[in-house]
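Colleague:
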Amino acid sequence: MGAKPKKNGSISYAKWGYIFIAPFFLIFAVFQLIPLGSTIYYSFFEYYRSGLKIIGPTFVGLKNYITLFATDLPKYFGNTLLLWIIGFIPQIAISLLLAAWFTDLRLKLKGQTFFKTVIYMPNLIMASAFAMLFFALFSDNGPVNAALVGMGILKEPFSFLNSVWGNRGLIGLMNFLMWFGNTTIMLMAAIMGVDPTLYEAAELDGCTPNQMFWKITIPLIRPILVYVMITSMIGGLQMFDVPQILTNGKGGPDRTSTTMIMYLNNHLFSKNYGMAGAVSVVLFLVCAVLCVIVYMALTKEDDGLSKAERKARRQAAKQVKGGKA
Numbered sequence: 001m002g003a004k005p006k007k008n009g010s011i012s013y014a015k016w017g018y019i020f021i022a023p024f025f026l027i028f029a030v031f032q033l034i035p036l037g038s039t040i041y042y043s044f045f046e047y048y049r050s051g052l053k054i055i056g057p058t059f060v061g062l063k064n065y066i067t068l069f070a071t072d073l074p075k076y077f078g079n080t081l082l083l084w085i086i087g088f089i090p091q092i093a094i095s096l097l098l099a100a101w102f103t104d105l106r107l108k109l110k111g112q113t114f115f116k117t118v119i120y121m122p123n124l125i126m127a128s129a130f131a132m133l134f135f136a137l138f139s140d141n142g143p144v145n146a147a148l149v150g151m152g153i154l155k156e157p158f159s160f161l162n163s164v165w166g167n168r169g170l171i172g173l174m175n176f177l178m179w180f181g182n183t184t185i186m187l188m189a190a191i192m193g194v195d196p197t198l199y200e201a202a203e204l205d206g207c208t209p210n211q212m213f214w215k216i217t218i219p220l221i222r223p224i225l226v227y228v229m230i231t232s233m234i235g236g237l238q239m240f241d242v243p244q245i246l247t248n249g250k251g252g253p254d255r256t257s258t259t260m261i262m263y264l265n266n267h268l269f270s271k272n273y274g275m276a277g278a279v280s281v282v283l284f285l286v287c288a289v290l291c292v293i294v295y296m297a298l299t300k301e302d303d304g305l306s307k308a309e310r311k312a313r314r315q316a317a318k319q320v321k322g323g324k325a
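When we follow the UniProt record's numbering, the leftmost residue of the sequence shown carries the number 1, and every step to the right adds one.
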């Protein structure tokens with residue numbers, strides 16, 4: 001028998017994967033991880049500028065956090081959450097409705113491309129420009145008040161910018177208009193990925209469109225809904241530019257539109273790095289906790305169990321079965 005040919009040394013491609021992803025981890029470490037660690041570190045210090053004099057850094061433990069929760073931080077967190085809810089609930093409702101309409105072949109809607117472009121266009125406008133536009137439209141002498149008075153709806157101009165719910169409503173409306181188009185496009189992509197034969201089978205079984213939407217569409221697009229919910233929540237908690245410009249940085253009236261990032265910006269402006277770091281850490285922890293809660297709530301299946309709980313149950317069943325064998 002002839003000699004077997006020698007096998008060439010196997011080539012390992014794993015190192016190339018690590019080489020290609022290394023730049024991401026380096027950039028993440030330099031611009032994200034190190035600043036995050038520095039922020040957490042200085043949140044335990046008294047460190048601020050008083051005129052030309054720099055006070056600290058002096059270690060004060062949890063004093064900054066105690067001061068935050070004893071003063072206005074709960075109020076500003078409530079403002080932020082309320083402003084996000086006002087804008088997000090209409091956003092997800094309208095986006096689901098439009099996505100269902102645009103993907104329903106039975107409706108045979110005309111001009112879909114035009115409408116998709118129009119609803120997405122506000123997402124391309126800078127938030128600062130959007131806020132300036134609304135500031136001009138809804139001012140006391142603006143065109144909106146002029147139109148309402150001219151039509152006899154109002155006897156005198158209504159001060160949207162100086163009333164609590166008028167101001168909050170404008171902020172929620174702007175957030176809705178800027179982001180509902182982007183949400184609609186994502187939900188449309190999710191719905192178009194659902195197998196059409198499921199709808200055909202349900203229709204043959206006598207299901208109504210409403211039943212098909214809630215029993216087929218919503219469960220199957222749940223991963224995209226989780227993504228939309230989490231990213232919207234993070235963006236809402238980081239809300240800054242719209243209320244900052246609309247209220248001229250004051251968060252009025254009576255600071256009812258002041259968000260957590262506006263509060264953080266005030267500490268950075270006053271060079272109080274210790275308190276600013278404490279606000280950043282609290283905001284980070286709140287985002288993390290809320291995102292985990294949303295993820296766990298929306299990834300449960302019809303039996304009410306999460307994926308991790310279902311996996312643990314399967315493993316326990318295998319162990320029981322193995323013990324019997």
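C-beta atoms are modelled at their ideal positions from N, C-alpha and C, and glycine is treated no differently.
Using three-state DSSP, classify Thr-39 as helix, strand or coil.
Modeller: Mapped onto the sequence shown, residue 39 falls at position 39. Helix.
Colleague: Tell me, which residues are paired with Phe-45 by DSSP?
Modeller: If you number the sequence shown from 1, residue 45 lands on position 45. DSSP lists Phe-59 as partners of Phe-45.
Colleague: Which runs of the alpha helix (DSSP H) spanning at least 4 residues fall entirely within the stretch 138 to 165, listed in chain order?
Modeller: 143 to 150, all fully within the stretch 138 to 165.
Colleague: Classify Gly-51: buried if its beta carbon has 16 or more other beta carbons within 10 angstroms, exposed otherwise.
Modeller: Indexing the sequence shown from 1 puts residue 51 at position 51. Flag for Gly-51 reads exposed.
Colleague: Between the Cα of Pro-243 and those of Ile-92, Leu-268, Trp-16, Asn-175, spot the shortest distance and give me the residue it belongs to.
Modeller: Locating residue 243 in the sequence shown gives position 243, counting from the first residue. For the residues Ile-92, Leu-268, Trp-16, Asn-175, the minimum Cα distance to Pro-243 belongs to Asn-175.
Colleague: To the nearest angstrom, how far is the alpha carbon of Asn-265 from that of Val-144?
Modeller: Working through the sequence shown from its first residue, we reach residue 265 at position 265. Working through the sequence shown from its first residue, we reach residue 144 at position 144. Spanning the two alpha carbons is a distance of roughly 31 Å.
Colleague: Rounded to whole angstroms, what is the Cα-Cα separation between Phe-77 and Ile-94?
Modeller: Translated into positions along the sequence shown, residue 77 becomes position 77. Translated into positions along the sequence shown, residue 94 becomes position 94. Computed Cα separation, rounded: 26 Å.
Colleague: DSSP puts Lys-53 in a beta bridge; with which residues?
Modeller: The residue you call residue 53 lines up with position 53 of the sequence shown. In the DSSP output, where bridge partners are listed per residue, Lys-53 has Ser-50.
Colleague: Please state the DSSP three-state secondary structure of Gly-248.
Modeller: In the sequence shown, the residue the question calls residue 248 occupies position 248. According to the sequence provided, residue 248 is Asn. The question's Gly does not apply to it. Coil, per DSSP.
Colleague: Examine the Cβ distances between the stretch 221 to 239 and the stretch 184 to 198 and report whether three or more of them are shorter than 8 Å.
Modeller: The answer is yes - the stretch 184 to 198 touches the stretch 221 to 239, with three or more Cβ pairs under 8 Å.
Colleague: With a cut-off of 8 Å on the beta carbons, I'd call Ser-43 and Gly-274 a contact; round off their distance for me.
Modeller: In the sequence shown, counting from the first residue as 1, residue 43 sits at position 43. In the sequence shown, counting from the first residue as 1, residue 274 sits at position 274. Their Cβ separation, rounded to whole angstroms, is 6 Å, which keeps Ser-43 and Gly-274 in contact under 8 Å.
Colleague: For the ligand MG, is there any heavy atom lying closer than 8 Å to the beta carbon of Val-60?
Modeller: Ligands in the displayed structure: none, and consequently the ligand MG is not present.
Colleague: Under 8 Å: do the stretch 155 to 175 and the stretch 63 to 75 share three or more Cβ pairs, one atom per stretch?
Modeller: Result no; under three Cβ-Cβ pairs closer than 8 Å.
Colleague: Could you tell me which residues DSSP pairs with Asn-272 in its beta bridges?
Modeller: For this step, residue 272 is matched to residue 272 along the sequence shown. Bridge partners of Asn-272: Tyr-48.
Colleague: Using a Cβ-Cβ cutoff of less than 8 Å, which residues in the same chain neighbour Phe-130 once the five nearest sequence positions on both sides are dropped?
Modeller: In the sequence shown, counting from the first residue as 1, residue 130 sits at position 130. Hits under 8 Å: Pro-122, Met-174, Leu-177, Met-178, Val-242.
Colleague: Are the beta-carbon atoms belonging to Ile-119 and Gly-181 less than 9 Å from one another?
Modeller: Here residue 119 corresponds to residue number 119 of the sequence shown, with the count starting at 1. Here residue 181 corresponds to residue number 181 of the sequence shown, with the count starting at 1. Yes, they are a contact pair.
Colleague: Nearest-angstrom Cα distance between Ile-245 and Pro-253?
Modeller: Here residue 245 refers to the residue found at position 245 of the sequence shown. Here residue 253 refers to the residue found at position 253 of the sequence shown. Answer to the nearest angstrom: the Cα atoms are 14 Å apart.
Colleague: Given a cut-off of 9 Å on the beta-carbon distance, is the pair Ile-216 and Tyr-227 in contact?
Modeller: Position 216 of the sequence shown, counted from the first residue, corresponds to residue 216. Position 227 of the sequence shown, counted from the first residue, corresponds to residue 227. Cβ atoms of Ile-216 and Tyr-227: not closer than 9 Å.
Colleague: Three-state secondary structure (DSSP) at Gly-19?
Modeller: Position 19 of the sequence shown holds residue 19. Rather than Gly, the amino acid found at residue 19 in this sequence is Ile. Helix at Ile-19.
Colleague: Nearest-angstrom Cα distance between Asp-205 and Pro-196?
Modeller: Residue 205 sits at position 205 when you count from the first residue of the sequence shown. Residue 196 sits at position 196 when you count from the first residue of the sequence shown. Answer to the nearest angstrom: the Cα atoms are 15 Å apart.
Colleague: Indicate whether Ile-92 and Met-229 have their beta-carbon atoms separated by less than 9 Å.
Modeller: Here residue 92 is taken as the residue at index 92 of the sequence shown, counted from 1. Here residue 229 is taken as the residue at index 229 of the sequence shown, counted from 1. Yes. Within cutoff.
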